[in-house]
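A.B. asks: Position one of the sequence shown corresponds to residue 0 (numbering that gives the first Met the number 0), numbered consecutively onward.
In this text, a Cβ means the ideal position worked out from N, Cα and C, and glycines have one as well.
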Amino acid sequence: MNYLSAESLAKSFNDRWLFKDITLGISQGDKMALVGENGTGKSTLLKILIGQLSADQGVVSVRDGIKLGYLVQQPQVAGHLTINEIIFDKNNKVASVVKDYEACIHDAHTSAERMQHVLELMEEFKAWDYDAKVQTITSKLGVLNLDQRFDELSGGQRKRVFLAQMLLAEPDLIIMDEPTNHLDLEAIEWLETYLGWPADYFADGYPRSVLPGQRCK
Ligand SMILES: Nc1ncnc2c1ncn2[C@@H]1O[C@H](COP(=O)(O)OP(=O)(O)O)[C@@H](O)[C@H]1O
Ligand SMILES: [Mg+2]
């Protein structure tokens with residue numbers, strides 16, 4: 000099943016072509032690596048694939064209903080959000096159901112109908128183990144104090160918070176920009192296992208088993 004296709008993509012900045020004529024398809028189960036020198040346009044291409052940036056030429060199409068997860072190279076957030084607020088992001092449906100459920104059980108005035116509705120949503124979204132999942136993922140990635148403010152974190156810690164947020168949203172297709180730069184070996188190995196990827200996939204930020212432009216299945 001095809002998840003994402005890109006056809007004849009081209010992008011330039013300031014009259015300099017970063018790339019031209021990039022055509023690719025990503026199907027269910029595919030694993031691909033994008034390898035290149037700094038400044039060659041890797042991050043730009045990924046932003047075009049996830050729809051954050053438009054290409055000068057070409058089209059990207061994503062299959063209906065496919066949820067994309069994207070890990071930006073340098074995560075930023077406006078304002079003074081805590082890690083908890085980022086991880087329980089309102090765009091993450093499961094997280095917002097859990098939040099509603101917790102609000103209901105802590106509010107003595109919750110009506111029976113509302114409680115019933117929230118319980119049904121908890122079932123529908125299989126949200127009962129969400130807190131445990133948050134606990135596992137954050138601790139494995141070394142994100143320990145969820146009350147800490149995001150703007151107080153180092154670049155590496157910020158990246159790990161966003162990696163946790165992305166994994167918790169359980170996307171169908173994951174696109175990551177330099178995912179392992181700020182992870183220690185233990186966290187890299189945990190991530191490989193969690194994603195079910197080959198053990199050597201993440202070596203040195205680049206997969207040992209994948210040469211530039213080739214696929215790793
Ligand atoms: N918004 C932008 N405006 C102008 N130039 C940009 C912009 N974004 C990236 N570039 C330039 O495009 C080139 C590729 O950047 P980038 O995609 O970040 O490369 P990589 O991820 O491979 O290191 C760099 O020279 C960068 O300065
Ligand atoms: Mg980059």
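#1: Buried or exposed: which applies to F161, given that a residue is buried once 16 or more other Cβ atoms fall within 10 Å of its Cβ?
#2: Looking at C-alpha atoms only, which residue of L45, V117, K66 and L17 is the closest neighbour of Q27?
#3: Using 6 Å as the cut-off, classify the Cβ of K41 as near or not near the heavy atoms of ligand 2, replying yes or no.
#4: Does DSSP classify W196 as helix, strand or coil?
#5: In terms of alpha-carbon separation, which member of I21, Y2 and L190 lies closest to S11?
#6: Taking the C-alpha atoms as reference points, what is the distance between L93 and A77?
#7: Once DSSP output is grouped into helix, strand and coil, what is the label at R214?
#8: Is F87 helix, strand or coil when you go by DSSP?
#9: In terms of alpha-carbon separation, which member of T179, D176, N144 and Q164 lies closest to K89?
#10: Is Q51 near ligand 2 - that is, is its Cβ less than 6 Å away from at least one heavy atom of it?
#11: Exposed or buried, what is R157 when buried is set at 16 or more other beta-carbons lying within 10 Å of its beta-carbon?
#12: In three-state DSSP terms, what is D150?
#13: Applying the criterion that 16 or more other CB atoms from any shown protein chain within 10 Å of the CB defines a buried residue, is I86 buried or exposed?
#14: Express the C-alpha separation of D176 and G154 in angstroms, rounding to a whole number.
#15: Within 10 angstroms of its Cβ, does I104 collect 16 or more other Cβ (buried), or is it exposed?
#16: Please find out if some non-hydrogen atom of ligand 1 comes closer than 6 Å to the beta-carbon of G57.
#17: On the DSSP bridge list, what partners appear for Q56?
#18: Grouping DSSP H, G and I as helix and E and B as strand, with all else coil, what is S110?
#19: Out of T179, I49 and V34, state which residue places its alpha-carbon closest to the alpha-carbon of L8.
C.D. replies: Reading from the atomic positions:
#1: buried
#2: K66
#3: yes
#4: coil
#5: I21
#6: Here the sequence assigns Val to residue 93, which means Leu is not the residue at that position. Taking the straight line joining both Cα atoms gives about 23 Å.
#7: A caution first: R214 carries a pLDDT of 42, below 50, which makes its placement in the model too unreliable to give a value.
#8: coil
#9: Q164
#10: no
#11: buried
#12: helix
#13: buried
#14: 14 Å
#15: exposed
#16: no
#17: A9
#18: coil
#19: I49
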